[in-house]
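**Student:** Residue numbers (full-length UniProt numbering): 1 to 285.
From the three backbone atoms N, C-alpha and C, an ideal C-beta is built for every residue, glycine too.
If you're wondering where the values come from, they're calculated on a predicted model, not measured in any experiment.
(1) Would you mind sorting residue 147 into buried or exposed? The rule is 16 or more other CB atoms within 10 Å of its CB.
(2) Output the distance between the C-alpha atoms of residue 279 and residue 244, rounded to the nearest integer angstrom.
(3) I'd like the ranges of any beta strand (DSSP E) spanning at least 3 consecutive residues and lying wholly in the region 141 to 218.
(4) With a 10 Å radius around its C-beta and 16 neighbouring C-beta atoms as the bar for buried, classify residue 23 as buried or exposed.
(5) Apart from the five residues on each side of it in sequence, which residues of its chain come closer than 6 Å, Cβ to Cβ, to residue 214?
(6) The beta strand (DSSP E) that contains residue 123, what's its start and end?
(7) Given a threshold of 16 other Cβ atoms within 10 Å of its Cβ, counted over all protein chains shown, does residue 2 qualify as buried or as exposed?
(8) Distance check for residue 260 and residue 29, CA to CA, integer angstroms please.
(9) Under 8 Å, do residue 219 and residue 162 count as touching if we go by C-beta distance?
(10) Does the Cβ of residue 20 have 16 or more other Cβ atoms within 10 Å, making it buried, or fewer, making it exposed?
(11) Are the Cβ atoms of residue 152 and residue 179 separated by less than 8 Å?
(12) Using 8 Å as the Cβ pair cut-off and three pairs as the minimum, do the region 99 to 106 and the region 199 to 214 touch?
(13) Just the Cα atoms here: how many angstroms apart are residue 293 and residue 210?
(14) Find the nearest neighbour of residue 83 within the set 55, 109, 73 and 105, judged by alpha-carbon distance.
(15) Could you check whether residue 53 and residue 252 sit closer than 8 Å to each other, using their CB atoms as the reference points?
(16) How far does the alpha helix (DSSP H) with residue 235 in it reach, from first residue to last?
(17) Are the beta-carbon atoms belonging to residue 43 and residue 112 less than 8 Å from one another?
(18) Which first and last residues belong to the beta strand (DSSP E) in which residue 102 is found?
(19) Per DSSP, what kind of secondary structure is residue 269 in: helix, strand or coil?
(20) Skipping 5 residues on each side, what residues in its chain have a beta carbon closer than 6 Å to that of residue 91?
(21) Note down, in chain order, each residue of its chain lying with its Cβ closer than 7 Å to the Cβ of residue 158, except the 5 sequence neighbours on either side.
(22) According to DSSP, simplified to helix, strand and coil, what is residue 98?
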């Protein structure tokens, strides 16, 4: 897929989707990214790090000098590939199967990161899921609970588990979404969680400022990841990204710079803020 195209029609039947069945493959291996030591000696934990945005961020962090733990749900092949990409940079990687919406599993993932990699400096809360419906009447209680548990509870659980290990100068970066600002009539529950993530980021940033821990967010627009063909119909996939000013979906590797900035000293005077790599959509916060 060139920078001027939307993807061809395609559909996957299980969330959060697998990269091997996507056409074209997302650019999420950070192949052209050149690091400059911005995260040298750091340890990062990236949830949803097996593919898509999470993979691009994890590999980008490794190229900046960080050892990286990635958390994934059940996409073991994608996670193994991400681990290989990280290790090819000369950095260490720990791949951890975990449902972040389960408090015990989230605690165990953080504990394993610290045990295997020695410390924790950067937490990227990126895991998420979405289930479009024709309208709010079609959102079941089960779907509502699952979406909130993964997208919001998981962020709380991972942050709570990480805080005892985060020292002054640590960074937390949360993945929100443009839907937090524009809404989406087919994703009312997902949009609600993303709006909550923006408020969570702001509130936590105030709480942790006195501990010299920065908390910021990234609110991506339409990004070509496995979540897209596993969420939308084939016809909707074929139009994905066409409604933004740049007229195309973004690629995961186009977001690396946002996450590296917020994880590094380059954002030392930023906390409680949200960056908007969204193809040109104008938002108000």
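**Tutor:** A quick look at the data gives this:
(1) buried
(2) 6 Å
(3) 171 to 175 and 214 to 218
(4) exposed
(5) 171 and 271
(6) 122 to 125
(7) Only weak support is given to the placement of residue 2: the predicted model assigns it a pLDDT of 48, under 50, and the value that follows is read from those uncertain coordinates. That one is exposed.
(8) 15 Å
(9) no
(10) exposed
(11) no
(12) no
(13) The question about residue 293 has no answer, for the chain in this structure spans 1 to 285.
(14) 55
(15) yes
(16) 234 to 238
(17) no
(18) Run containing residue 102: none; DSSP gives neither H nor E here.
(19) coil
(20) 62 and 67
(21) 47, 100, 106, 110, 123 and 125
(22) coil
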